Amino acid sequence: MVAEISHPLSKYLREAMMPHIWCSGCGNGIILNCFVQAVDELQIDLKKLVVVSGIGCIGRAAGYINTDSFHTTHGRPIAFATGVKLANPDLEVVVISGDGDLFAIGGNHFIHAARRNIGIKVICANNFNYGMTGGQQGPTTLLEAFTTTTPYGNIEHPFNLVHLAAASGATYVARWTTLHVRRLTQSIKKMLQKEGFNFIEVVSPCPEIFGRRNRMRTGLQMMEWFKKASIIEHFSDPAKADITPERIVVGEFVDIEKPCYEKLLYDKMAQILT
Amino acid sequence: MKTENNRTVLTGTHFMNGDIACAEGALAAGCKFFAGYPITPATEIAEHLSKRMPEVGGIYIQMEDEIGSIAAVIGASYTGLKAMTATSGPGFSLMQENIGLAVMTEAPCVIVDIMRGGPSTGQPTLPGQQDIMQAKWGSHGDYEIIALAPSSVQEMFDLTIEAFNLSETYRVPTMVLADEVVGHMWEKVVIPPAEKIRIVNRKKPNTSPEKYLPYMPDDDLVPPMACFGEGFSFHATGLTHDEHGYPKTSSSGVQQKLVKRLCEKIRKNADKIVKVREFMVDDAEVIVVAYGIVARAALSAVKEARKTGIKAGLLRPITIWPFPEKLIAKIAEQAKKIVVPEMNCGQLVREVERNVQGTSVVFLSKLGEDPHTPMEILEAIRRNC
Chain A
-14 MVAEISHPLS
-4 KYLREAMMPH
6 IWCSGCGNGI
16 ILNCFVQAVD
26 ELQIDLKKLV
36 VVSGIGCIGR
46 AAGYINTDSF
56 HTTHGRPIAF
66 ATGVKLANPD
76 LEVVVISGDG
86 DLFAIGGNHF
96 IHAARRNIGI
106 KVICANNFNY
116 GMTGGQQGPT
126 TLLEAFTTTT
136 PYGNIEHPFN
146 LVHLAAASGA
156 TYVARWTTLH
166 VRRLTQSIKK
176 MLQKEGFNFI
186 EVVSPCPEIF
196 GRRNRMRTGL
206 QMMEWFKKAS
216 IIEHFSDPAK
226 ADITPERIVV
236 GEFVDIEKPC
246 YEKLLYDKMA
256 QILT
Chain B
394 MKTENNRTVL
404 TGTHFMNGDI
414 ACAEGALAAG
424 CKFFAGYPIT
434 PATEIAEHLS
444 KRMPEVGGIY
454 IQMEDEIGSI
464 AAVIGASYTG
474 LKAMTATSGP
484 GFSLMQENIG
494 LAVMTEAPCV
504 IVDIMRGGPS
514 TGQPTLPGQQ
524 DIMQAKWGSH
534 GDYEIIALAP
544 SSVQEMFDLT
554 IEAFNLSETY
564 RVPTMVLADE
574 VVGHMWEKVV
584 IPPAEKIRIV
594 NRKKPNTSPE
604 KYLPYMPDDD
614 LVPPMACFGE
624 GFSFHATGLT
634 HDEHGYPKTS
644 SSGVQQKLVK
654 RLCEKIRKNA
664 DKIVKVREFM
674 VDDAEVIVVA
684 YGIVARAALS
694 AVKEARKTGI
704 KAGLLRPITI
714 WPFPEKLIAK
724 IAEQAKKIVV
734 PEMNCGQLVR
744 EVERNVQGTS
754 VVFLSKLGED
764 PHTPMEILEA
774 IRRNC
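Chains as they are written, first to last, in the numbering used here: chain A, -14 to 259; chain B, 394 to 778.
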């Protein structure tokens, strides 16, 4: 008799949803792994965890995680999560979505949720393009990068997401790549233990859709780029953290304390009722 | 900080405007979450709830736009609260995609649309009935929703409660389609004691989390609803999904089963949902079909016509969607003419025409000004008797 062995983290996943839809070499699995690792290390009550995602490759993550989860319309996970968090502030509400979902179509919700400092934890998989629709230019596509809609090279300046998050009022802001798995996991743990609107950008490889048009045909080649270009500079100026082919500044950028929206709201309500 | 009133149900006789009556109706129905964005002529609903929600332990939030408002409402609904938003035409347009999400994920919620003149920015301060078709068809795909049309301030209170009850019963977004006049006019409102108000709450699952299938319907085609944080650990998605809530986007069988059920849970229950008011219809030869503020003028016109011996009657759909098809077909059998006055270029009249066999239908349009006067409708009755 051979005892059946299951992966120690498998209880966090909906195995009925497997196999996942992600391409080989994609970074989304690493992000999902780091997230459930963080949840496991913190022993977060799965009954109190809600994972919300938008549309895109990483948008399927909500369905893969074995908690209450909602796969919203394109761009709206943060607005949906706002309703969840206010309706039950005891819930840990995490948004896992992509750069196009959170910063193009959903950009307005991101900056306003950060401004309110509502207790939503946002993990953004930044793969520099719209992977699910076949690799179009997006709000984080680097200058001169090739995508299916920038066949002559991108002429749009990309967002610097950590700068945007910091300027909008997020109380915790970090950037890692999928190469930095231990640091990313630690960062997710920190974010989950902290009040307010917290944000982690994860620079993630998309060899199949993005990399192959930009001389990085495999996941390994993309990871080699991250390894070569990444510089850890904790608490450096987010305004100077633009991602370029030569330089990806990673680390924690913001870690401040500020009253969160749901606390201010419930305190105000208590005041009114007494 | 003391407040004047922390009662949820303001039992008594009041003088209030339609928007405020709608807000009070929501509270009486048990609404505990409002997300909205300022827009004329619906803003008073948000203003009133910003004051009243904290008094009753409910949540008020002003979102960054109407897309965010409806998304937050769906989030709150999935977390167990009765939730509402209120808007007018332009905001209603912005909400359409997520109304589809609420349909697909069967999120009970109420959307109030105080209709002004459109298209586009149109006439923010003037009444319209131009969102009738958008309410039914505004989101993509096939679906059914419920929409109610109040024609008095009292009905703004009563039908907002009814909208919550229907929404909770059928797990479907339910709309209160009022025009600017009904939203802004002041009238007497009688609010009954709380125990006299019928309140419906969504069905909860009576199985264990392990056995719970979030989209497995009961015989009434409506699945019981668990909420986030209750330990059921379930998944919801706007994608085509099976009874588990898992995406099945390539299966024609799953798509047919799901979309047909979403339509049929309303269509098959239409007789229970549909409400109309009839006035002197029994022997009528000319029947006016009117809703909202226009129905008030139509009633006066019918009464005047009767005084001069014209056999006129009024049928007022309270339920706009599902459309009272059977009742319209029935009156068409007896009436020689049906007169449909609307503050648009012809919307609900299409549904009337679709459901009458051979009876001629006269459309009376009014656009960009005050609603029809009783005289205008009376003249139409006289011309067609």
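Built from N, CA and C at the ideal position, the CB exists for glycine as well.
None of these values were measured; they are calculated from a predicted model.
Under 9 Å by beta carbon: chain B residues contacting residue i
{"i": "A/Val69", "result": "Ala465, Gly468, Ala469, Tyr471, Thr472, Phe621, Gly622"}
{"i": "A/Thr163", "result": "Within chain B, no residue comes near A/Thr163; the closest Cβ sits about 25 Å away, beyond 9 Å."}
{"i": "A/His123", "result": "Per the sequence shown, the amino acid found at residue 123 of chain A is Gly instead of His. Chain B residues near A/Gly123: none, gap ~19 Å exceeds 9 Å."}
{"i": "A/Leu76", "result": "Thr472, Phe621, Gly622"}
Close-in-space but distant-in-sequence residues of the same chain around residue i (CB under 6 Å, 5 per side omitted)
{"i": "B/Ile463", "result": "Thr478, Met488, Asn491"}
{"i": "B/Ala422", "result": "Ile554, Phe557"}
{"i": "A/Ile194", "result": "Gly116, Gly120"}
{"i": "B/Cys778", "result": "Val679, Ile703"}
{"i": "B/Leu474", "result": "Lys425, Phe426"}
{"i": "A/Asp53", "result": "Val35"}
Neighbour list for residue i in chain A, Cβ cutoff strictly below 7 Å
{"i": "B/Asn491", "result": "Thr58, Arg61"}
{"i": "B/Leu494", "result": "Thr57, Thr58"}
8 Å Cβ shell around residue i - same chain, five flanking residues per side excluded
{"i": "A/Glu26", "result": "Thr170, Lys174"}
{"i": "B/Thr388", "result": "The first residue shown for chain B is 394 and the last is 778, placing residue 388 of chain B beyond what the model contains."}
{"i": "A/Met3", "result": "Tyr49"}
{"i": "B/Met394", "result": "Unreliable placement is indicated for B/Met394, whose pLDDT of 43 sits below 50; the coordinate value is still reported in the next sentence. Nothing meets the Cβ criterion."}
{"i": "A/Thr163", "result": "Gly12, Ile15, Ile16, Leu169, Val187, Val188, Ser189, Pro190, Met208, Phe211"}
{"i": "B/Thr472", "result": "Cys620, Phe621, Gly622"}
Three-state class that DSSP yields for residue i in the structure shown
{"i": "B/Met578", "result": "coil"}
{"i": "A/Tyr157", "result": "strand"}
{"i": "B/Gly706", "result": "strand"}
{"i": "B/Pro586", "result": "coil"}
{"i": "B/Ser753", "result": "strand"}
{"i": "A/Pro190", "result": "coil"}
{"i": "B/Glu735", "result": "strand"}
{"i": "A/Ala110", "result": "strand"}
{"i": "A/Ile50", "result": "strand"}
{"i": "A/Glu77", "result": "strand"}
{"i": "B/Lys730", "result": "strand"}
{"i": "A/Asn13", "result": "helix"}
{"i": "B/Met409", "result": "strand"}
{"i": "B/Met394", "result": "Model confidence at B/Met394 stands at a pLDDT of 43, short of 50, so the residue's coordinates are unreliable and nothing is read from them."}
{"i": "B/Tyr605", "result": "coil"}
{"i": "A/Gly142", "result": "Here residue 142 of chain A is His; the residue named in the question, Gly, does not match the sequence. It is coil, neither helix nor strand."}
{"i": "A/Leu(-2)", "result": "strand"}
{"i": "B/His628", "result": "strand"}
{"i": "A/Asn183", "result": "strand"}
{"i": "B/Tyr471", "result": "helix"}
In DSSP terms, what residue i is bridged to
{"i": "B/Val427", "result": "The sequence as given places Phe at residue 427 of chain B; Val does not occur at that position. Paired residues: B/Tyr453, B/Met477."}
{"i": "B/Arg509", "result": "B/Pro520"}
{"i": "B/Arg670", "result": "B/Arg709"}
{"i": "B/Ala540", "result": "B/Met568, B/Trp714"}
{"i": "B/His634", "result": "B/Pro640"}
{"i": "A/Val37", "result": "A/Phe55, A/Val80"}
{"i": "B/Cys502", "result": "B/Pro566"}
{"i": "A/Ile216", "result": "A/Val234"}
Interface residues of chain A facing residue i [CB-CB closer than 8 Å]
{"i": "B/Asp458", "result": "Asn93"}
{"i": "B/Ile452", "result": "Leu71, Ala72, Leu250"}
Interface partners of residue i on chain B, CB under 7 Å
{"i": "A/Met2", "result": "Tyr639"}
{"i": "A/Val234", "result": "Residues of chain B passing the Cβ test: none, with the nearest at roughly 29 Å."}
{"i": "A/Val35", "result": "Phe621"}
{"i": "A/Asn51", "result": "Ser626"}
{"i": "A/Leu31", "result": "Ser626"}
{"i": "A/Lys179", "result": "Correct list: empty, because the minimum Cβ distance to chain B is about 20 Å."}
{"i": "A/Ser172", "result": "Those within 7 Å of A/Ser172 in chain B number zero; the least Cβ separation is about 25 Å."}
Under 8 Å by beta carbon: chain B residues contacting residue i
{"i": "A/His97", "result": "Met456, Glu457, Gly461"}
{"i": "A/Lys253", "result": "Pro447"}
Partners in chain A for residue i, counting only beta-carbon separations shorter than 9 Å
{"i": "B/Ser560", "result": "Those do not exist, as B/Ser560 stays about 15 Å from chain A at its closest Cβ, beyond 9 Å."}
{"i": "B/Ala428", "result": "Ala64, Thr67, Gly68, Leu71"}
Residues of its chain near residue i, where Cβ-Cβ distance is below 7 Å and the 5 sequence neighbours each way are ignored
{"i": "A/Phe131", "result": "Gly138, Arg198, Asn199"}
With 7 Å as the C-beta to C-beta threshold (strictly closer), list the residues of the region 438 to 450 of chain B near chain A in chain order.
-> Pro447, Glu448, Gly450
Of the residues that make up the region 102 to 118 of chain A, which ones have a beta carbon closer than 7 Å to any beta carbon in chain B?
-> none
Chain-ordered residues of the region 625 to 636 of chain B with a beta carbon less than 8 Å from chain A | Correct list: Phe625, Ser626, Phe627, His628, Ala629, Thr630, Gly631, Leu632.
At a Cβ cut of 7 Å, what residues of the region 78 to 90 of chain A count as close to chain B, listed as they run along the chain?
-> none
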